[in-house]
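Residue numbers (this note's numbering), protein chains in the order written: chain W, 52 to 128; chain A, 52 to 128. Below is one structure, written out as structure tokens, with a few remarks after it.
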């Protein structure tokens with residue numbers, strides 16, 4: 052049985068790669084990762100808020116909301 | 052062969068649990084996680100800066116610095 056991890060994002064083009072990398076780096080033996088795009092799936096906004104998400108990207112891991120910032124290099128913009 | 056993931060922090064008492072949770076949630080088949088306390092191990096500061104770390108806690112995953120914020124509940128303070 053794996054725990055649920057939900058990765059919420061809003062399609063940020065600069066950090067999408069980093070976001071997917073983190074979500075994909077979790078141990079698949081322990082976590083089932085769901086990726087939710089709040090920009091296109093607004094029906095999940097209330098759920099995200101209830102989980103404590105205040106900004107995206109965020110990873111809710113074992114019910115704890117972790118907010119992730121990827122410092123984009125100017126070279127990437 | 053596993054890739055290197057380095058988790059930098061500075062002993063934040065509120066978020067230490069969340070930090071360790073994230074570092075511990077990575078796939079051990081793919082990542083060897085090192086946890087570095089920059090408050091007590093200042094010799095690693097230059098390395099962290101070179102990796103792009105600008106704040107702690109941060110996870111450097113496959114050379115990409117991800118800055119993590121744990122929204123602490125007032126109830127936890």
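Where a beta carbon is used, it is the ideal one built from N, C-alpha and C, also for glycine.
query	result
Would you kindly report the start and end of the unbroken beta strand (DSSP E) that includes residue 99 of chain A?	Note, residue 99 of chain A: premise wrong, no beta strand (DSSP E); alpha helix (DSSP H) at 96-101.
Taking the alpha carbon of residue 52 of chain A as the reference point, which residue from A:107, A:93, A:84 has its own alpha carbon closest?	A:84
Residues in the stretch 92-123 of chain W with C-beta within 7 Å of chain A's C-beta atoms, listed in sequence order?	103, 105, 112, 113, 115, 116, 117, 118, 119, 120, 121, 122
In the DSSP assignment, find the beta strand (DSSP E) that holds residue 57 of chain A and state where it starts and stops.	54-60
In chain W, which residues lie less than 8 Å from residue 73 of chain A when you measure between Cβ atoms?	110, 112, 117
Would you mind working out which of A:120, A:112, A:98, A:62 sits nearest residue 72 of chain W, comparing C-alpha positions?	A:112
So which residues on chain A does residue 77 of chain W lean against when the C-beta distance must stay under 7 Å?	76, 77, 78
Taking 8 Å as the cut-off, decide whether the C-beta atoms of residue 90 of chain W and residue 61 of chain W are in contact.	yes
Buried or exposed: where does residue 116 of chain W fall if 16 or more other Cβ atoms within 10 Å of its Cβ makes it buried?	buried
Classify residue 79 of chain A: buried if its beta carbon has 16 or more other beta carbons within 10 angstroms, exposed otherwise.	exposed
Taking residue 120 of chain W as the reference, give the member of W:55, W:70, W:56 with the closest Cα.	W:70
Quick one: does residue 82 of chain W have its CB under 8 Å from some CB of chain A?	yes
What are the boundary residues of the beta strand (DSSP E) that residue 110 of chain A is part of?	109-112
Hey, residue 56 of chain W and residue 77 of chain W are a contact pair by Cβ (cut 8 Å); roughly how many whole angstroms apart?	6 Å
Cβ atoms of residue 97 of chain A and residue 86 of chain A: under 8 Å apart, would you say?	no
By the DSSP assignment, the beta strand (DSSP E) with residue 83 of chain A in it spans what residues?	82-88
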